[in-house]
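*Asks:*
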Amino acid sequence: MRLSAATLDRLPDGIDRFGYDRDAQAVGIVHFGIGAFHRAHQAVYCDRAMDAGERDWMICGVSLRSAEVAEQLNPQDGLYSVAERSEDGTRLRVVGAVREVLVATASPEAVIDRIAAPATRIISFTVTEKGYCRAADGSLDPALAGEGSLYRFVAEGLARRRTAGLGGVTLLSCDNLADNGPQLERLMQAYLAVRDPALAGWVADHCRFPMTMIDRIVPATTVEDRDAAQAATGLRDEGMIATEPFSQWVIEDRFAGPRPRWEDVGAQLVADVAPYETAKLRMLNGAHSAIAYLGLQRGHAHVHEAVADPGLREMAERLMRREAAPTIAAAQGQDLAAYADRLMVRFANPALPHRLIQIAMDGSQKIPQRWLGTLAASRTSGHDCPVILTALGAWLGHVRGDNAARWGAVDDPLAGDLAALWQGKDALQVTTALFGPGGLMAGTWQGAPQDLARIAAAVPARG
Ligand code: CS2
1 MRLSAATLDR LPDGIDRFGY DRDAQAVGIV HFGIGAFHRA HQAVYCDRAM
51 DAGERDWMIC GVSLRSAEVA EQLNPQDGLY SVAERSEDGT RLRVVGAVRE
101 VLVATASPEA VIDRIAAPAT RIISFTVTEK GYCRAADGSL DPALAGEGSL
151 YRFVAEGLAR RRTAGLGGVT LLSCDNLADN GPQLERLMQA YLAVRDPALA
201 GWVADHCRFP MTMIDRIVPA TTVEDRDAAQ AATGLRDEGM IATEPFSQWV
251 IEDRFAGPRP RWEDVGAQLV ADVAPYETAK LRMLNGAHSA IAYLGLQRGH
301 AHVHEAVADP GLREMAERLM RREAAPTIAA AQGQDLAAYA DRLMVRFANP
351 ALPHRLIQIA MDGSQKIPQR WLGTLAASRT SGHDCPVILT ALGAWLGHVR
401 GDNAARWGAV DDPLAGDLAA LWQGKDALQV TTALFGPGGL MAGTWQGAPQ
451 DLARIAAAVP ARG
């Protein structure tokens, strides 16, 4: 039997669940990219806020293309459970904050209607780095930002709000991009400048794009995860997700209109998110990506196994503490050494197997804000970053296809270009084509000849 509104009362005692009247709540948020991360993070904050008395913050989830999440959640009336896993055991909670999931390319009008609905106040996004449709130099790539992109749906929905005389909305980017809010604003405005210049002015006047730092480790759900949840609840939940107990959300308090009191349920509303975002991207995500490529190279499968390897553990520590941390101007009360301590404990969580190949995906989109920002800042201060240079070499081996026999083809929007680069070139030539003068990825950081040589030397010899 499947979890749904009709079967909810069959849940055994001891399984935590929302206490508010879902049917009485309006949808206040349209969220693009309702993957596992959103369900373990923002949706949980909304759920807890409504539990604490906030009203009308139900979420309409949108998948741009894939029907997978809609098929998981719609037959369950949007209900799903979150399993928090640590060495101490598992805690399950059924989350009620999702009303429905729409597939944008299949029902564009329904998505546009939701954005244009008077009760909608916030449009939020976890569409991953590549969902922002940027060219290598960071500008909006018109070839990518077409009919199926978030920009089209948001623009049409906002145009309708403007015509109807409704207020603006807050557009909340919750992706791991540097300056995520301002980036989204710049890209949205670039889209509108061509498609609907009059709307561009209205958006500038009526909408806001706060910056956020989002953090929770959420591996892709496995069949074993679903089976374990079913054994605990007696109900099949195709939408369940497994995550860690830790969760953090730092939000710039600059909204166009009402917002849930997320600060009452653990979020931090601050004036300046940048120090938190930079620390998270360069330390957590920077170490994650290094552990992923170096760990795969050494035959590991999961993060907790990779950090149990003393050599890798030392490299992750060094990257966080001696390469990334010195580049970050910490906010008052932000303790970067304690942050690194905590991250090592989180990475080592054996109850939450997190596959390295999942983190290794889309490296071309992740590396600029995770590693290259650190390299650029370290050049100014004269710091050496041997771990990042070595990790870049491991990444080059990964995109050459070194891990493909075990883990499948390289999953990256630039996979084709990167594979083509490796045709007939040696490691130094490939490194130079990417990070040398005028290189494909040299926008954030351009390597000096000795850096390029060190990266190339770290690429494994062809097996
Ligand atoms: C990971 C992130 O897959 C990845 O690239 O580094 O998803 C990471 O788990 C989250 O950002 C943690 O908040």
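Per the UniProt record's numbering, the very first residue in the sequence shown carries number 1; after that it's consecutive. By construction, the Cβ of each residue, glycine as well, lies at the ideal position given by its N, Cα and C atoms.
Look at the alpha carbon of residue 459 and the alpha carbon of residue 309, and state the distance between them as a whole number of angstroms.
*Replies:* The straight-line gap from Cα to Cα measures roughly 20 Å.
*Asks:* Going by DSSP, name the residue or residues bridged to residue 17.
*Replies:* Answer is 94.
*Asks:* Tell me the residue span of the alpha helix (DSSP H) that contains residue 85.
*Replies:* Segment 80-86 is the beta strand (DSSP E) holding residue 85; no alpha helix (DSSP H) there.
*Asks:* At what residues does the alpha helix (DSSP H) containing residue 31 begin and finish?
*Replies:* Per DSSP, residue 31 belongs to no alpha helix (DSSP H); it is in the beta strand (DSSP E), 27-32.
*Asks:* In chain order, what residues of the same chain lie with their CB nearer than 6 Å to the CB of residue 179, ignoring the 5 residues before and after it?
*Replies:* Counting only Cβ-Cβ distances below 6 Å, and skipping sequence neighbours, we find nothing.
*Asks:* What is the residue span of the beta strand (DSSP E) that residue 248 lies within?
*Replies:* Start and end: 248-252.
*Asks:* Start and end of the alpha helix (DSSP H) containing residue 255?
*Replies:* Unbroken run through residue 255: none, as it is neither H nor E.
*Asks:* If you measure between the beta carbons of residue 242 and residue 358, is that distance less than 8 Å?
*Replies:* Cβ distance not < 8 Å, so residue 242 and residue 358 don't count as in contact.
*Asks:* Nearest by alpha-carbon distance to residue 7: which of 234, 261 and 57 is it?
*Replies:* Answer by Cα proximity: 234.
*Asks:* Do residue 271 and residue 327 have their beta-carbon atoms positioned less than 8 Å apart in this structure?
*Replies:* For residue 327 and residue 271, no; Cβs fall outside 8 Å.
*Asks:* Using the Cα positions of residue 274 and residue 13, report the straight-line distance between them to the nearest angstrom.
*Replies:* One C-alpha to the other measures close to 42 Å.
*Asks:* How many Å lie between residue 253 and residue 37 at the Cα?
*Replies:* Spanning the two alpha carbons is a distance of roughly 22 Å.
*Asks:* Using DSSP's beta-bridge definition, name the partner residues of residue 302.
*Replies:* DSSP lists 355 as partners of residue 302.
*Asks:* Mind checking who residue 242 pairs with in its DSSP beta bridge?
*Replies:* According to DSSP, residue 242 bridges with 83.
*Asks:* Is the stretch 81-91 touching the stretch 123-135 in the sense that three or more CB pairs, one from each, lie closer than 8 Å?
*Replies:* Too few Cβ pairs lie closer than 8 Å, so no.
*Asks:* Any heavy atom of the ligand CS2 closer than 7 Å to the CB of residue 358?
*Replies:* Answer for residue 358: yes, Cβ within range of the ligand CS2.
*Asks:* Flag this pair as yes or no: are the beta carbons of residue 307 and residue 344 separated by less than 8 Å?
*Replies:* Yes. Within cutoff.
*Asks:* Helix, strand or coil for residue 66? Go by DSSP, reduced to three states.
*Replies:* Residue 66: coil per DSSP, three-state reduction.
*Asks:* Kindly confirm or deny that the stretch 177-195 and the stretch 223-232 touch, where touching means at least three C-beta pairs closer than 8 Å.
*Replies:* The stretch 177-195, when compared against the stretch 223-232, does not touch it at the 8 Å Cβ threshold.
*Asks:* Residue 214 and residue 354: beta carbons closer than 8 Å?
*Replies:* Taking 8 Å as the Cβ cut-off, residue 214 and residue 354 do not qualify as a contacting pair.
*Asks:* Just tell me which of 399, 26, 2 and 196 has its CA closest to the CA of residue 260.
*Replies:* Of 399, 26, 2 and 196, the residue nearest in Cα terms is 26.
*Asks:* Looking at residue 366 and the ligand CS2, is the gap between the Cβ and the nearest heavy atom below 7 Å?
*Replies:* Yes, since a heavy atom of the ligand CS2 falls inside the 7 Å radius drawn around the Cβ of residue 366.
*Asks:* If contact is defined by three or more beta carbon pairs under 8 Å, each pair taking one atom from either stretch, is the stretch 160-169 in contact with the stretch 197-214?
*Replies:* With the cut-off at 8 Å, the stretch 197-214 and the stretch 160-169 touch.
*Asks:* When the distance is taken between beta carbons, is residue 394 closer than 8 Å to residue 473?
*Replies:* Since the displayed the chain opens at 1 and closes at 463, residue 473 lies outside it and no answer follows.
*Asks:* By a C-beta neighbour count over all protein chains shown, 10 Å radius and 16 as the cutoff for buried, is residue 286 buried or exposed?
*Replies:* Burial call: buried.
*Asks:* Is the stretch 52-67 in contact with the stretch 99-107, if contact means three or more CB pairs nearer than 8 Å?
*Replies:* The stretch 52-67 vs the stretch 99-107: in contact.
*Asks:* In the DSSP assignment, the beta strand (DSSP E) including residue 170 goes from what residue to what residue?
*Replies:* First-last of the beta strand (DSSP E) with residue 170: 170-173.
*Asks:* Please list the terminal residues of the continuous beta strand (DSSP E) segment that includes residue 213.
*Replies:* That run of the beta strand (DSSP E) goes 212-215.
*Asks:* Could you name the residues that DSSP lists as bridge partners for residue 2?
*Replies:* Its beta-bridge partners are 236.
*Asks:* DSSP three-state label for residue 320, please.
*Replies:* In the structure shown, residue 320 sits in a helix (DSSP, three-state: H, G or I).
*Asks:* For residue 289 and residue 150, I'd like the C-alpha separation in whole angstroms.
*Replies:* Cα to Cα, the separation comes out at about 26 Å.
*Asks:* Take the Cβ of residue 23 as the centre, count every other Cβ of all protein chains shown within 10 Å, and call the residue buried at 16 or more, exposed below.
*Replies:* With fewer than 16 Cβ atoms within 10 Å of its Cβ, residue 23 is classed as exposed.
*Asks:* Using only CA atoms, which one of 11, 158, 120 and 19 lies nearest to residue 58?
*Replies:* Residue 120 is the option with its Cα nearest to residue 58.
*Asks:* Take the Cβ of residue 380 as the centre, count every other Cβ of all protein chains shown within 10 Å, and call the residue buried at 16 or more, exposed below.
*Replies:* Classification of residue 380: exposed, given that the 10 Å Cβ count is below 16.
*Asks:* Mind checking residue 368: buried by the 16 CB within 10 Å criterion, or exposed?
*Replies:* Buried, by the Cβ-count rule.
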